[in-house]
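Take a look at the structure below.
Numbering (my numbering), first residue to last: 17 to 168.
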């Protein structure tokens with residue numbers, strides 16, 4: 017299933033989850049629509065190909081069949097899997113975006129901690145850059161250098 021959801025900053029995280037759930041329910045009703053037809057409806061320039069070419073694929077391994085092999089041109093694949101009371105995420109990406117993906121993982125981890133603690137938080141109130149902001153403000157801008165006091 018291909019899911020597309022509009023996100024608005026005034027939504028709460030809980031509202032976003034409910035919207036995604038609603039979109040998944042609607043998409044399930046239309047899952048017989050071919051990927052080729054869906055690509056044309058979405059304006060994909062490769063609509064005549066047998067495979068869609070999304071840049072990012074998110075897969076839930078215990079919920080759906082392995083779909084990542086259908087999207088061999090995807091830049092990044094997030095593969096989530098349940099392990100008891102935990103969720104594991106395996107990420108496959110192009111080498112050129114590994115550093116970016118590392119930062120995305122840090123931000124996603126922080127985001128999940130925030131929304132688990134407060135599902136009613138507005139999306140606009142979530143500080144997803146807290147660790148990154150600290151790194152930029154304190155590490156990159158650290159221009160302190162020692163200078164001998166007895167010199168002028």
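We treat Cβ as the ideally placed atom computed from N, Cα and C, and that holds for glycine.
Neighbourhood of residue i by C-beta, 6 Å cutoff - its chain only, sequence neighbours within 5 removed
| i | result |
| --- | --- |
| residue 170 | Here the chain comprises residues numbered 17 to 168, so residue 170 is not present and cannot be evaluated. |
| residue 74 | 94 |
| residue 76 | 96 |
CA-to-CA distance, residue j to residue i, given in whole angstroms
| i | j | result |
| --- | --- | --- |
| residue 32 | residue 144 | 16 Å |
| residue 28 | residue 50 | 33 Å |
| residue 114 | residue 124 | 15 Å |
| residue 173 | residue 24 | Only positions 17 to 168 of the chain appear in this structure, which leaves residue 173 out of reach. |
| residue 35 | residue 122 | 25 Å |
| residue 166 | residue 112 | 48 Å |
| residue 52 | residue 110 | 25 Å |
heavy atom of the ligand ATP below 6 Å from residue i C-beta
| i | result |
| --- | --- |
| residue 152 | The ligand content of the structure shown is nil, which means the ligand ATP is not present either. |
CB-CB length for residue i against residue j, believed under 8 Å
| i | j | result |
| --- | --- | --- |
| residue 26 | residue 138 | 6 Å |
| residue 30 | residue 136 | 6 Å |
| residue 91 | residue 71 | 5 Å |
Cβ-based neighbour list, residue i, same chain, cut-off 8 Å, excluding 5 preceding and 5 following
| i | result |
| --- | --- |
| residue 131 | 29, 137 and 142 |
| residue 107 | 92, 93, 94, 95, 117 and 121 |
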